[in-house]
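One structure below.
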Amino acid sequence: MKRFLEPRILPAGGLIPMLVLVCVIVHAAGNQLIEGSLTEALVYMVMVVGLSIFVSNSGIISFGHVSFALVGAYASAWQTCCPGLRGVFMPGLPQILLDTNVPVMPAALAAALLATAVAAVAGIAITRLNAVAASIALLSLLFVVKTIYENWTSVTAGQGSLAGLPLYVGLWTALAWATGAIIAAQLYMNSAHGLRLRAIREEYAAARAAGIVVWRERMIGLVVSAFVFAIGGILFGHYLGTLAVSIYWLDMTFLTLAMLVVGGMRSLTGAVTGTLAVSAVREFLRAFERGFTVSGNTIQIPQGSQEIVLALALLLILVFRPQGIVGDYELGVPPPR
Amino acid sequence: MNAIQLMIDALSLGSQYALVALGIGLIFGVMRMINFAQGDLIMLGAYALVVPTTADLAPPLIGKLPAVALIITVITITAGAGIVTERFAFRPLRRREADGATLLISSFAVGYLLQSIVLFVHTGRPKSVSIFADLTRQLELGGVRVAMIDIVTICVTALLLTAMVVFLRRLRWGIEMRAATEDFTMARILGVRADAVIALAFAIAGALAGILSLLYVAKTGVLDFRMGVPLAIAGFVGTVIGGMGSLVGAVLGGLFLGVASSLLQALLPEVLRPGRDAFLYGLVIFVLLVRPQGLFAGRNVGERT
């Protein structure tokens, strides 16, 4: 029984209770600032876990997942944003979208499906490429999508920003979605499709010889991954309350990738750990930059030194743990002998 | 705009991208690492021209030296910075046998570090600086006016590429570098010093970044702490569509991207022009589909074993 269950519920079965525990403790401590940071970290976690579904299993580094977040976030805004003013901000929307206010949850799911459709169409091309070319094709996709959204002013407000998205993402909403993302990643990882995608990653020729259809497995991984990443992007919009195309651009691409690689890009535990570790370092440095008082003395680092220290911290972690903080390790799963 | 102007414009941008791609391609060759920090070395070279200050108006520092001294100083700074990044970030990673993804992310981190330092010292507001003022004037060429700086950019690039070819074909160091690109392990067995060859690749890439920063600033006159990012991406994309592992491919890929970008800018109908990048990168995806190994692929494209 134990041998049957363990690989099916771990690492998610270990990661989720830990996250819940952290959230309960932070909430009980009652510090608004820390609770806000944790919420943001959990939203990022949805994205990073989504990213890891594709990147960890396929071994292809994606520079393009942020395009799915972008598509999802705007699609959610089309359905929920700024009641009454929607026609002013986005006059190009079809009448039915202007007239209806979709509840946030179905709106998020519908929006993520649209992003998934984009992934499926782009995937027709991308999944047929080798690893490096696929990375660049994904990056190109991000450029294409971003340029389109920046210029499709009638439904995206162009280079300006959209304000007034419903702010429904608090600690518990974010936790619930992060939990969902981890379960999705776990289910995919342990499915036959996940196993086949990892087989392609490890031994391309042998996997093909064993009858695995490379493009199909990559496509399935990409589509699942895009859905989860898009959910993360949608939550990010509703966490901030404002949308701008420039939010979903290279900074987010690098940050989510850095979180994944710092944690360990070959494991789900790594995706979760990396998100928490990088978020913690960022918040810690932000706190130092704001300055705080200990027994009458204000401790403060100069404005702008936060980024320098963050970059150094990232480098140091990578130099000392090139495989990421956890490497191949999965929580509670003994390494294969 | 007539055909000659358009051609010079396209070749000038293509030359810039080709130089970035060459720097990225050199390092990819010897180390199998995509070095995003290449763009930020260009940014560093440009900022070296002015006095480090948080004030909006930065007086020129190196920028007011006589031309030859200016060029040598900037190249020394960027080549030095390239060597420093190799010594303190990438060499320890190489020793610990980091894989391609980790190396790539650490090159982001190095780039981000360079940007943050410049941001800290100079603030984020764009600054202006003028060097080689003579080059900004227009030139009469067969009845059309073209900017001197574009001609200079094309000529300098052609010269640098020729010099690279001579270096790689004729000089001992260059031959060792080609050997290391071809088969790193075998090259080491035959007595090529790995550390030295890689450090040299970083020095040359840094020097190329320095020269490009001068050409870039002479043309635009603007400093911005993120100016290197689009250049690095263009170089990266150029390297890949040219064919990873081939220096000729990298150069031609960069050139192709720049020329395609300029041509699209000029030839797209007015309404579609703001969406140029969508067409450009759509084209990139198309090229990758037709030639996934790159337009001018080398033989060793995989990860180092």
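Heads up: the protein sequence lines correspond to chains A and B, in order. Take any residue in the first sequence, count from 1 to its spot, add 501: that is its number in our numbering. Take any residue in the second sequence, count from 1 to its spot, add 144: that is its number in our numbering. Note that beta-carbon positions come from the ideal geometry of N, C-alpha and C, so glycine has one too.
C-beta neighbour in chain B for residue i, strict 8 Å
i	result
residue 652 of chain A	yes
residue 823 of chain A	yes
residue 648 of chain A	yes
residue 553 of chain A	no
residue 766 of chain A	yes
residue 789 of chain A	no
residue 820 of chain A	yes
residue 759 of chain A	yes
residue 637 of chain A	yes
residue 634 of chain A	yes
Distance between beta carbons of residue j and residue i, contact taken as under 8 Å
i	j	result
residue 354 of chain B	residue 189 of chain B	4 Å
residue 423 of chain B	residue 439 of chain B	Actually they are not in contact, since the Cβ atoms of residue 423 of chain B and residue 439 of chain B sit about 18 Å apart, beyond 8 Å.
residue 177 of chain B	residue 247 of chain B	4 Å
residue 183 of chain B	residue 255 of chain B	7 Å
residue 553 of chain A	residue 686 of chain A	6 Å
residue 623 of chain A	residue 640 of chain A	That belief does not hold up - the Cβ atoms of residue 623 of chain A and residue 640 of chain A are roughly 12 Å apart, past 8 Å.
Continuous beta strand (DSSP E) stretch holding residue i: start and end
i	result
residue 440 of chain B	Run containing residue 440 of chain B: none; DSSP gives neither H nor E here.
residue 285 of chain B	282 to 285
residue 745 of chain A	743 to 745
residue 793 of chain A	793 to 795
residue 218 of chain B	Segment 211 to 229 is the alpha helix (DSSP H) holding residue 218 of chain B; no beta strand (DSSP E) there.
residue 662 of chain A	662 to 664
residue 617 of chain A	Counting along the chain, residue 617 of chain A falls outside any beta strand (DSSP E), though it belongs to the alpha helix (DSSP H) covering 605 to 627.
residue 290 of chain B	288 to 291
residue 798 of chain A	798 to 800
Beta-carbon proximity list for residue i, same chain, < 8 Å, skipping 5 on both sides
i	result
residue 207 of chain B	193, 194, 214, 273, 274, 275
residue 700 of chain A	707, 708, 711, 713
residue 384 of chain B	397, 432, 438
residue 799 of chain A	792, 793
residue 828 of chain A	765, 767, 768, 771, 822
residue 447 of chain B	Bear in mind that the predicted position of residue 447 of chain B carries a pLDDT of just 44, short of 50, making it unreliable; the figure below should be weighed with that in mind. Counting only Cβ-Cβ distances below 8 Å, and skipping sequence neighbours, we find 176, 243, 244.
residue 647 of chain A	568, 571, 746, 749, 750
residue 288 of chain B	146, 148, 149
Same chain, Cβ closer than 7 Å to residue i, five either side skipped, listed in chain order
i	result
residue 366 of chain B	270, 272
residue 483 of chain A	Here chain A has residues from 502 to 838 only, and residue 483 of chain A is not among them.
residue 782 of chain A	811, 814
residue 449 of chain B	Summary for residue 449 of chain B: the model assigns pLDDT 37, below 50, so the residue's position carries little reliability, and this model does not support an answer.
residue 734 of chain A	548, 569, 570, 571, 573, 574, 749
residue 445 of chain B	Note that residue 445 of chain B scores 48 on pLDDT, short of 50, meaning its location in the model is unreliable and no value can be drawn from it.
residue 265 of chain B	196
Enclosing alpha helix (DSSP H) for residue i [first to last residue]
i	result
residue 535 of chain A	533 to 559
residue 395 of chain B	391 to 411
residue 381 of chain B	372 to 386
residue 572 of chain A	566 to 581
residue 687 of chain A	672 to 691
residue 249 of chain B	244 to 266
residue 828 of chain A	Segment: none, residue 828 of chain A is in no alpha helix (DSSP H) and carries neither H nor E.
Cutoff 8 Å: residue i Cβ touching any chain A Cβ
i	result
residue 210 of chain B	no
residue 449 of chain B	Confidence at residue 449 of chain B is low in this model, with a pLDDT of 37, below 50, so the placement of that residue should be treated as unreliable; the coordinate-derived value is given next. Output row for residue 449 of chain B: interface = no.
residue 242 of chain B	yes
residue 174 of chain B	no
residue 233 of chain B	yes
residue 256 of chain B	yes
residue 394 of chain B	no
residue 236 of chain B	yes
residue 246 of chain B	yes
residue 196 of chain B	no
residue 413 of chain B	no
residue 202 of chain B	no
residue 252 of chain B	yes
Residue i Cβ short of 7 Å to the ligand ZN heavy atom set
i	result
residue 274 of chain B	The ligand ZN is not part of the structure shown, which contains no ligands of any sort.
6 Å CB neighbourhood of residue i in its chain, flanking five on each side removed
i	result
residue 187 of chain B	371, 372
residue 760 of chain A	549, 775, 776, 779
residue 658 of chain A	590
residue 613 of chain A	573, 728, 731, 732
residue 286 of chain B	none
Interface residues of chain E facing residue i [CB-CB closer than 7 Å]
i	result
residue 358 of chain B	In the displayed structure, chain E is absent; the protein chains listed are A and B.
Q: Name, going along the chain, the residues of the region 259 to 278 of chain B whose beta-carbon falls closer than 7 Å to a beta-carbon of chain A.
A: Answer in chain order: 260, 261, 263, 264.
Q) the region 795 to 810 of chain A: which residues have C-beta closer than 9 Å to a C-beta of chain B, in chain order? A) Hits within the stretch, in order: 803, 804, 805, 806, 807, 808, 809, 810.
Q.
If the cut-off is 7 Å on Cβ atoms, which residues from the region 559 to 585 of chain A count as contacting chain B, listed in chain order?
A. The residues in question are 562.
Q: With 7 Å as the C-beta to C-beta threshold (strictly closer), list the residues of the region 415 to 429 of chain B near chain A in chain order.
A: Of all residues in the region 415 to 429 of chain B, 418, 419, 421, 422, 425, 426, 428, 429 have a Cβ within less than 7 Å of some Cβ in chain A.
Q: Residues of the region 161 to 173 of chain B with a CB closer than 8 Å to any CB of chain A: list them in chain order, please.
A: Among the residues of the region 161 to 173 of chain B, none has a Cβ less than 8 Å away from any Cβ of chain A.
Q) Along the region 367 to 388 of chain B, what residues have a CB closer than 8 Å to any CB found in chain A? A) Result list: 373, 377, 380, 381, 384, 385, 388.
Q. Just by C-beta distance, which residues in the region 149 to 160 of chain B are closer than 9 Å to chain A?
A. Taking 9 Å as the Cβ-Cβ cut-off against chain A, none of the residues of the region 149 to 160 of chain B qualify.
Q) Can you list, in chain order, the residues of the region 605 to 631 of chain A whose Cβ is nearer than 9 Å to any Cβ on chain B? A) The residues in question are 623, 626, 627, 629, 630, 631.
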